[in-house]
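Here the structure comes first, spelled out in structure tokens, and everything after it is commentary.
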Amino acid sequence: MLKGMVLFDRLPARHAAKEKVFGEVKRSLAGAAGEKRTAELLERELDLAEKAKIFRGVWLPYMDGFAQVDVLVLHANFICALEVKNMVGEFYFDSINYQFYRIIEGRVEGMRNPEAQLHRAVKACEKFFGRKVQGTIVLSSRSGRVAVPPKLYPVIALDYLPFHIEKMVDPRLSFDVEGLEGLVRRSRGQFYDPDLLKKHELTKGCLEVGVRCLGCRQQKMEWSRLRWRCSKCGFVSADAHEFALQEYAVLFGNEITTEFAYTWLGIKDKYVLYRMLENSTIKINNRGRRLIIEKNELLIAYFESIYS
Ligand SMILES: [Zn+2]
């Protein structure tokens with residue numbers, strides 16, 4: 007999600023992909039909010055003799071890649087994968103050709119079929135755990151309504167979900183929840199992150215370079231008299247280049263050449279650039295390649311304030 011946010015900020019105002027990237031960021035924020043609400047409700051209201059373990063946003067190996075499980079519920083007597091839809095409108099699950107669309111404000115909008123997404127998630131879980139896994143589509147927004155329901159999996163409104171899940175208990179089953187949890191925790195580091203740049207056919211050359219002003223978010227800042235200065239809003243910073251380097255790392259990976267660092271930071275003076283890189287990167291060879299020291303928390307703190 008960070009990558010989409012940085013990409014959106016770095017695309018020039020009239021770039022063809024800018025709107026699309028913004029749409030993706032908004033959708034993934036809405037998705038994450040729906041998953042969070044679902045997991046929190048289950049933590050609070052699920053009434054089971056033995057406590058269930060609840061995970062959000064788990065990626066499990068599937069076919070040649072990974073499948074995402076929005077919310078995963080592990081319990082001694084059942085395993086359940088949830089596909090959470092935080093959408094408004096009327097939903098149509100077409101069971102003849104398995105298309106999915108919604109009608110919102112009179113417009114028909116085709117989208118990825120949640121049933122197919124859930125099916126992938128369930129299959130991935132079954133393979134991963136070697137157990138039978140149940141699946142449910144969850145509507146986490148109260149302004150969503152199902153006009154035509156799916157065939158393979160139930161669709162349940164969030165408010166009713168705890169009761170629906172409580173009915174999954176099968177006393178004949180007895181899973182080692184801690185063991186399964188261990189498997190999930192070990193798999194969590196591997197996640198499949200589609201390359202947004204490739205997806206939108208973007209190269210480094212499409213993006214705006216320079217150290218952006220974090221005060222007004224609009225202007226490139228200039229380095230003068232030992233500070234970054236914004237001529238528009240007057241914002242002054244000693245370390246705004248750190249943020250710009252983290253943006254670079256999220257978009258392109260941690261490796262940067264000194265040559266491109268001149269362009270990315272908009273610095274002309276060799277000594278100024280070297281001093282900045284000396285503090286924020288590690289030299290990996292003598293041909294000017296460097297590794298940016300990761301400080302994702304800079305980006306997270308900033309974007310949390312923007313998108314909250
Ligand atoms: Zn500014």
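Quick note on numbering: the numbering used here labels position 230 of the sequence shown as 236, and the sequence is numbered without any gaps.
Here a beta-carbon is modelled for each residue, glycine too, at the ideal position from N, C-alpha and C.
> Just to confirm, does Gly221 get its C-beta within under 7 Å of one of the non-hydrogen atoms of ligand 1?
Replying inline: Taking the sequence shown and counting its residues from 1, one reaches residue 221 at position 215. Under cutoff, so the answer is yes.
> Within 10 angstroms of its Cβ, does Met69 collect 16 or more other Cβ (buried), or is it exposed?
Replying inline: Position 63 of the sequence shown, counted from the first residue, corresponds to residue 69. Its Cβ having fewer than 16 others within 10 Å, Met69 is exposed.
> Under 8 Å, do Gln140 and Ile85 count as touching if we go by C-beta distance?
Replying inline: The residue labelled residue 140 in the question sits at position 134 within the sequence shown. The residue labelled residue 85 in the question sits at position 79 within the sequence shown. By the CB criterion at 8 Å, Gln140 and Ile85 fall inside the cutoff.
> Does the distance from the CB of Val152 to the CB of Glu89 come in under 8 Å?
Replying inline: Your numbering for residue 152 matches position 146 in the sequence shown. Your numbering for residue 89 matches position 83 in the sequence shown. No, these two residues do not count as a Cβ contact at 8 Å.
> Mind checking Asn292: buried by the 16 CB within 10 Å criterion, or exposed?
Replying inline: By 1-based counting over the sequence shown, the position of residue 292 is 286. Classification of Asn292: exposed, given that the 10 Å Cβ count is below 16.
> Would you call the region 276-290 and the region 238-252 touching, i.e. three or more CB-CB distances under 8 Å?
Replying inline: Yes, they touch.
>> I need the boundaries of the alpha helix (DSSP H) containing Ile312, first residue and last residue.
In response: Position 306 of the sequence shown, counted from the first residue, corresponds to residue 312. Unbroken alpha helix (DSSP H) run through Ile312: 302-313.
> How many Å lie between Tyr308 and Gln224 at the Cα?
Replying inline: Along the sequence shown, one-based indexing puts residue 308 at 302. Along the sequence shown, one-based indexing puts residue 224 at 218. When rounded, the distance between both Cα atoms is 14 Å.
> Roughly how many angstroms separate the alpha carbons of Ser237 and Leu257, rounded to a whole number?
Replying inline: Position 231 of the sequence shown, counting from 1, holds the residue named residue 237. Position 251 of the sequence shown, counting from 1, holds the residue named residue 257. Between Ser237 and Leu257, the C-alpha separation is close to 27 Å.
> For Gln225, is the beta carbon positioned less than 7 Å from some heavy atom of ligand 1?
Replying inline: The residue labelled residue 225 in the question sits at position 219 within the sequence shown. Under cutoff, so the answer is yes.
> Is Phe169 near ligand 1, going by C-beta to nearest heavy atom under 7 Å?
Replying inline: Taking the first residue of the sequence shown as 1, we reach residue 169 at position 163. No; taking the cut-off as 7 Å, the Cβ of Phe169 has no heavy atom of ligand 1 nearer than that.
> Is DSSP giving Pro155 helix, strand or coil here?
Replying inline: Taking the sequence shown and counting its residues from 1, one reaches residue 155 at position 149. The DSSP-derived three-state label of Pro155 is coil.
> Helix, strand or coil for Cys212 per DSSP?
Replying inline: Walking along the sequence shown from the start, residue 212 turns up at place 206. Looking at Cys212 - three-state DSSP - the assignment turns out to be helix.
> Taking the alpha-carbon positions, what's the Gly216 to Met227 distance?
Replying inline: As a first step, residue 216 must be located in the sequence shown, where it is residue number 210. As a first step, residue 227 must be located in the sequence shown, where it is residue number 221. Take the alpha-carbon of Gly216 and the one of Met227: they are about 7 Å apart.
>> So, at 8 Å on beta carbons, what are the nonlocal neighbours of Thr209 in its own chain, with the 5 sequence-adjacent residues on each side left out?
In response: Residue numbering aside, residue 209 sits at position 203 when the sequence shown is read from its first letter. Around Thr209: Leu203.
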